[in-house]
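Participant: Attaching a single structure in structure tokens format; questions to follow.
Right, dumping it as structure tokens:
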């Protein structure tokens, strides 16, 4: 016995694929490849621009900057500590560094400001040599436990 309702494609003459397309919508149109390439090109250019801006910021904050590094210290006696440190600065820069001696509780017990200046290019041992080592004596009120460079700044 036949079903009282006929198949939908039988009455309209559609194939099953056409019937499904009518019911659920046809195949989706994909955007053309030109739009996709354009989006990829814009994204690539944005990434390149972001990398260049990041590199520019990184270099602009480090070029010409004064950096310092603690090398060591020697407690000479209860009232004197010798501190050795390195400073890197451009050749034509004058700077001053604050050297601090601390006791075992990290309290400052001695302080000295040291004037440092870069060597002219003809006085350097190597063309790219912009790091100098300084050793300074710092008087203390009690025996020091460590000596450090607190900060350096250009004048």
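Residue numbers (the working numbering): 237 to 391. Here a beta-carbon is modelled for each residue, glycine too, at the ideal position from N, C-alpha and C.
In whole angstroms, what separates the C-alpha of residue 375 from that of residue 326?
Facilitator: Using only the alpha carbons, I get a separation of about 30 Å.
Participant: Taking the straight line between their C-alpha atoms, what separation do you get for residue 343 and residue 294?
Facilitator: So the two alpha carbons sit approximately 35 Å from each other.
Participant: State the beta-bridge partners of residue 347 as determined by DSSP.
Facilitator: Beta-bridge pairing links residue 347 to 336.
Participant: Starting from residue 308, trace the beta strand (DSSP E) both ways and give me its first and last residue.
Facilitator: Where residue 308 is concerned, the enclosing beta strand (DSSP E) stretches over 303 to 313.
Participant: Measuring only the C-alpha atoms, how far is residue 245 from residue 252?
Facilitator: Its pLDDT being 48, under 50, residue 245 is placed unreliably in this model, and the coordinates cannot settle the point.
Participant: By DSSP, does residue 280 sit in helix, in strand, or in coil?
Facilitator: Residue state, collapsed to three classes: helix.
Participant: With a threshold of 16 other CB atoms inside 10 Å of the CB of residue 341, please say whether the residue is buried or exposed.
Facilitator: Flag for residue 341 reads exposed.
Participant: Start and end of the beta strand (DSSP E) containing residue 316?
Facilitator: Run containing residue 316: 316 to 324, per the beta strand (DSSP E) assignment.
Participant: Check for me: the beta strand (DSSP E) holding residue 372 runs from which residue to which?
Facilitator: That run of the beta strand (DSSP E) goes 367 to 375.
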